[in-house]
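K.L.:
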Amino acid sequence: MRAAFCRTPGALGVDDVPAPTPGAGEVVVRVRQCGICGSDLHWYHGHMVLPVDCPGHEIAGEVAEVGAGVTSLKAGDRV
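Numbering (the numbering used here), first residue to last: -2 to 76.
Shown next as structure tokens:
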């Protein structure tokens, strides 16, 4: 799969990364849309430090896989 990364302020790139596997109680979401919020912009410009280098926490998509014990969602559900 492809993911956007910002490893240094002002430099956004896209890399291939392994597809995630859901653990117990987790789901994997196939992202269809991702919003950019104010904190993403502050982070991109180097005004704040976050523990990750992959922006975008405001997403919409569909459940791709469900982990053990997940009963409220199924593959294909919009989230």
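Backbone N, C-alpha and C fix where the C-beta goes; we use that ideal spot for every residue, glycine too.
1) State buried or exposed for Val26, treating a residue as buried only when at least 16 other CB atoms are found within 10 Å of its CB.
2) Between Gly20 and Ala72, what straight-line distance do the alpha-carbon atoms span, to the nearest angstrom?
3) For a quick check, are the C-beta atoms of Gly58 and Val24 less than 8 Å apart?
4) Taking the straight line between their C-alpha atoms, what separation do you get for Gly22 and Arg75?
5) Taking a contact to mean a Cβ-Cβ separation below 8 Å, would you say Gly43 touches Pro6 in this structure?
P.N.:
Result, derived from the coordinates:
1) buried
2) 15 Å
3) no
4) 17 Å
5) yes
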